[in-house]
Each structure stands twice: as structure tokens, then as C-alpha cells.
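All remarks here apply to the structure that follows.
Residue numbers (the numbering used here), protein chains in the order written: chain A, 7 to 99; chain B, 110 to 332.
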């Protein structure tokens with residue numbers, strides 16, 4: 007399984023903090039995002055992707071604790087046992 | 110009044126040894142605004158040995174809803190000057206050093222600092238601050254926007270960096286919404302973690318505590 011975790015405003019939007027999905031062969035983060043959206047009744051991809059399918063800054067996406075911007079972004083492979091977290095942090099102080 | 114009387118209630122909780130650890134500790138508080146004003150006040154009340162305060166701002170009206178060290182009579186005054194005066198009135202045993210400057214590439218972390226509270230309000234200053242810290246320095250980060258906030262402890266050179274973790278997090282345009290209660294809650298959780306770091310028992314090392322104030326939700330995110 008792939009463990010999907012939502013934090014902060016995404017958790018509130020989706021009314022969901024965790025979701026387990028079966029791993030799929032050769033899947034990338036971008037494909038997983040579409041699959042997550044199909045599982046959920048509430049639209050949320052517009053918070054993460056622009057009209058061209060590119061990442062919108064503002065939400066940290068971590069796979070196994072690493073920010074995907076330091077991996078292969080939406081092309082980062084997702085495998086069995088991975089934990090993917092979506093976290094829009096607060097910037098103020 | 111003897112010092113032992115001042116700290117009596119918290120020593121009942123954590124004991125004399127930890128109180129001595131606190132009184133021997135030095136903390137740099139970066140940003141003395143919504144988070145930093147309360148963090149520095151709680152550290153001072155607890156009897157931290159030495160505080161460095163870093164900020165270059167002046168007290169302004171929109172600060173007064175949450176920046177607990179400032180009052181109407183302080184409008185236009187340098188925050189650090191007001192903060193030092195008030196903190197010394199709270200606890201004259203604490204040594205308070207002021208670094209009235211922006212955190213930029215020229216900033217140098219004092220050599221006796223091994224613990225930093227990131228109470229800043231923007232990512233660029235956070236990344237610059239982190240870059241100036243010697244290896245091994247503990248950094249307790251706090252951030253808040255609206256009714257969501259987070260606290261995280263990192264150790265320079267052993268943890269991922271703020272710059273790595275927060276990559277892709279742009280600074281929001283304009284003022285960030287923050288309430289007094291929200292800032293005080295995040296600042297208090299930060300201070301609790303600062304105490305734990307001083308005691309050698311950090312609870313949030315490489316672990317975000319994500320706080321949802323609207324539905325009183327706490328969750329952890331390991332990094």
C-alpha cells in the first residue's frame with residue numbers, strides 16, 4: 007500500500023487525514039495525484055496543480071520525508087510502502 | 110526575594126536539575142513579533158540564562174493584537190528596546206543581548222548560541238538564519254497562518270534543512286492573517302519544545318507538530 011497523508015488546510019478541505027491506496031507499477035507522483043483525486047469526493051488538485059498540470063507553490067509534498075522538488079517532482083516514482091504527505095505550511099510568525 | 114522562591118512552582122514540576130540547565134542556557138530568538146514576543150517572555154519568566162533577541166522592526170498598531178511585549182505607548186519605538194525593558198522588568202536575572210539588525214547574508218550568529226528559536230515571518234530570512242548557524246545548533250521553527258500552525262526542531266548538519274523542507278513554499282503576498290490566541294498557542298508550544306531541547310529531550314526533532322486551531326487538531330509529520 008501507499009500511505010497518503012493530508013495536513014493543515016488540505017486536511018480541513020478534504021475532511022480526511024489519511025488514505026491508503028494499493029501501489030501500481032511504474033506510477034509517478036503526477037499519476038498518483040490523479041488517482042487520489044478520483045478516490046475523493048472533494049476537488050483538491052486545483053490547490054496543487056495549475057492549468058498546465060505544473061505544481062503550484064505553497065504545498066510541500068514529501069515522499070518518505072523528502073520534498074519531491076529535490077527528487078523528480080511530479081515524475082518521482084511512487085512504490086509499495088511509500089508515505090506521501092501533502093502539507094501547506096504557515097509562513098507567518 | 111530569593112531566586113528559589115521565584116521558580117518554586119515550575120521546580121515543583123521539573124525539578125532543580127532542569128532549572129539549573131535552563132539558567133545555564135543561551136537562546137537566540139530570531140524575530141520578536143507575534144511568536145518571538147511570547148517565546149522570549151516565557152523563556153524570561155522561566156529563568157533562561159541568556160537571551161539574544163534579533164529584530165529590526167518598530168512597534169506598529171497592527172502588532173498589538175498579538176505581540177505581547179508591546180503597548181500603545183510603544184508605537185514607533187524599536188521593538189528590541191521595548192522588549193528588553195519589559196523583559197528585564199519581568200526577570201532581572203536574565204541577561205538580554207540585542208542584535209538590532211535584519212537577518213541577511215551579513216548576519217553572524219553569536220558563538221555562545223547553541224539553540225535558536227525561529228520566530229521569523231518570512232522564508233528568505235529563515236533560510237539565511239539557518240545558513241549562518243554552526244553545525245550542531247538546534248533550531249526550533251514555528252510558523253502560523255490563520256488557524257493553522259506548525260512547530261519543528263532541526264539540528265544543523267544532522268537534519269534536513271529548512272531550505273530543503275520548505276522548497277516550493279513561496280512567501281504569501283501581503284499581510285498574513287494571525288490572531289493573538291493563535292500566535293500565543295504556537296509560541297507556547299515552541300517554548301515548551303525549547304525547554305525540552307535545553308533538557309536534552311527534544312520531542313519534535315525532525316518531526317513537525319501541525320496544529321489546527323479551528324478544530325483543535327494535532328498531527329505529526331516526520332521529516
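All C-beta atoms, glycine included, are put in the ideal place defined by N, C-alpha and C.
With a threshold of 8 Å between beta-carbons, can residue 78(A) be considered close to chain B, or not? One-based indexing of the first chain puts residue 78(A) at position 72. No, residue 78(A) does not count as interfacial toward chain B.
Across which residues does DSSP place residue 8(A) in a beta bridge pair? Position 2 of the first chain, counting from 1, holds the residue named residue 8(A). Answer is 27(A).
DSSP bridge partner residues for residue 328(B) (one or two, in chain order): Counting from 1 along the second chain, the entry for residue 328(B) is found at position 219. Per DSSP, 319(B).
With residue 228(B) and residue 148(B) assumed to form a contact (beta carbons below 8 Å), what rounded beta-carbon distance in angstroms separates them? On the second chain, residue 228(B) is found 119 positions in, with the first residue counted as 1. On the second chain, residue 148(B) is found 39 positions in, with the first residue counted as 1. Their Cβ separation, rounded to whole angstroms, is 6 Å, which keeps residue 228(B) and residue 148(B) in contact under 8 Å.
For residue 273(B), return the contacting residues in chain A, with the cut-off set at a CB-CB distance below 7 Å. Taking the second chain and counting its residues from 1, one reaches residue 273(B) at position 164. Neighbours of residue 273(B) on chain A, chain order: 73 and 76.
Going by alpha carbons, who is nearest to residue 209(B) out of 197(B), 133(B) and 141(B)? Taking the first residue of the second chain as position 1, residue 209(B) is located at position 100. Residue 209(B) has its Cα closest to that of 141(B), out of 197(B), 133(B) and 141(B).
Please tell me whether residue 221(B) has its Cβ less than 8 Å away from any Cβ of chain A. Taking the second chain and counting its residues from 1, the one referred to as residue 221(B) is at position 112. No, residue 221(B) does not count as interfacial toward chain A.
Return the chain-ordered list of same chain residues with a C-beta closer than 7 Å to the C-beta of residue 213(B), the five sequence neighbours on each side being excluded. Start at 1 with the first residue of the second chain, and residue 213(B) comes out as number 104. Once the five neighbours on either side are set aside, the close Cβ partners of residue 213(B) are 237.
What residue range is occupied by the uninterrupted beta strand (DSSP E) comprising residue 258(B)? Reading the second chain from its first residue, position 149 is the one you call residue 258(B). 257–264 is the span of the beta strand (DSSP E), which, as asked, contains residue 258(B).
Based on DSSP bridge pairs, tell me the residues matched to residue 98(A). Position 92 of the first chain, counting from 1, holds the residue named residue 98(A). Beta-bridge pairing links residue 98(A) to 253(B).
Hey, which unbroken runs of the beta strand (DSSP E) at 3 residues or more fall wholly within the stretch 129–175 of chain B? 135–139 and 159–163
Comparing alpha-carbon positions, which option in 255(B), 261(B) and 256(B) lies nearest residue 248(B)? Here residue 248(B) refers to the residue found at position 139 when the second chain is read from its first residue. Measuring from the Cα of residue 248(B), the nearest candidate turns out to be 261(B).
Can you find a C-beta in chain B that's less than 8 Å from the C-beta of residue 97(A)? Here residue 97(A) is taken as the residue at index 91 of the first chain, counted from 1. Yes, because at least one Cβ of chain B sits closer than 8 Å to the Cβ of residue 97(A).
I'd like to confirm something about residue 226(B): is its beta-carbon nearer than 7 Å to some heavy atom of the ligand FAD, or not? Looking for the ligand FAD in the displayed structure turns up nothing, as the structure carries no ligands at all.
Rank 120(B), 133(B), 276(B) and 175(B) by C-alpha distance to the C-alpha of residue 77(A) and give the top, closest one. For this step, residue 77(A) is matched to residue 71 along the first chain. Taking only the C-alpha atoms, the option nearest residue 77(A) is 276(B).
Cβ-Cβ distance between residue 25(A) and residue 10(A) below 8 Å: Within the first chain, numbered from 1, the residue matching residue 25(A) stands at position 19. Within the first chain, numbered from 1, the residue matching residue 10(A) stands at position 4. In this structure, residue 10(A) lies closer than 8 Å to residue 25(A) by Cβ.
Exposed or buried, residue 234(B), counting other C-beta atoms within 10 Å across all chains shown (16 or more means buried)? Your numbering for residue 234(B) matches position 125 in the second chain. When all chains shown are included, residue 234(B) counts as buried.
Beta-carbon within less than 7 Å of residue 82(A)'s beta-carbon, same chain only, minus the 5 sequence neighbours each way: which residues are those? On the first chain, position 76 is the one that residue 82(A) refers to. 34, 35, 69 and 74, listed in sequence order.
Can you confirm whether residue 168(B), when its beta carbon is compared against all beta carbons of chain A, has any partner nearer than 8 Å? The count along the second chain starts at 1 and reaches residue 168(B) at position 59. Not closer than 8 Å to any Cβ of chain A, the Cβ of residue 168(B) fails to qualify, so no.
Please report the straight-line C-alpha distance between residue 303(B) and residue 223(B), rounded to a whole angstrom. Sequence index remark: in the second chain, residue 303(B) carries index 194 (1-based). Sequence index remark: in the second chain, residue 223(B) carries index 114 (1-based). The straight-line gap from Cα to Cα measures roughly 11 Å.
May I ask you to list, following chain order, the residues of the stretch 278–296 of chain B that have a beta carbon less than 7 Å from some beta carbon of chain A? 278, 279, 280, 281, 285 and 287
Any C-beta of chain B sitting closer than 8 Å to the C-beta of residue 50(A)? The sequence position of residue 50(A) within the first chain is 44, counting from 1. No, its Cβ sits nowhere closer than 8 Å to a Cβ of chain B.
Within 8 Å (strictly less), CB to CB, does residue 259(B) reach chain A? Within the second chain, the letter at position 150 stands for residue 259(B). Judged by the 8 Å Cβ criterion, residue 259(B) is in contact with chain A.
Between residue 365(B) and residue 64(A), is the Cβ-Cβ spacing less than 8 Å? Outside the modelled stretch of chain B, which goes from 110 to 332, sits residue 365(B), for which no answer is possible.
With 8 Å set as the bound, which would you pick, yes or no: does the beta-carbon of residue 39(A) sit closer than that to a beta-carbon of chain C? This model lacks chain C altogether, as its protein chains are A and B.
Nearest CA to the CA of residue 157(B): which residue from 295(B), 184(B) and 201(B)? Position 48 of the second chain, counted from the start, is the residue given in the question as residue 157(B). Answer by Cα proximity: 201(B).
Span of the beta strand (DSSP E) holding residue 206(B)? The count along the second chain starts at 1 and reaches residue 206(B) at position 97. Taken as a continuous stretch (DSSP letters only), the beta strand (DSSP E) holding residue 206(B) covers 204–208.
Three-state secondary structure (DSSP) at residue 220(B)? Position 111 of the second chain, counting from 1, holds the residue named residue 220(B). Three-state DSSP puts residue 220(B) in coil, outside helix and strand.
Selected residue, minimal CA-CA separation from residue 308(B), among 278(B), 134(B), 119(B) and 178(B): Position 199 of the second chain, counted from the first residue, corresponds to residue 308(B). Ranking 278(B), 134(B), 119(B) and 178(B) by Cα distance to residue 308(B) puts 134(B) first.
Output needed in chain order: residues of the stretch 224–245 of chain B with a Cβ under 8 Å from some Cβ in chain A. 227, 228, 229, 230, 231 and 232
Under 8 Å between C-beta atoms, does residue 87(A) make it to chain B? As a first step, residue 87(A) is located in the first chain; it is residue number 81 there, counting from the start. So no, residue 87(A) is outside the interface.
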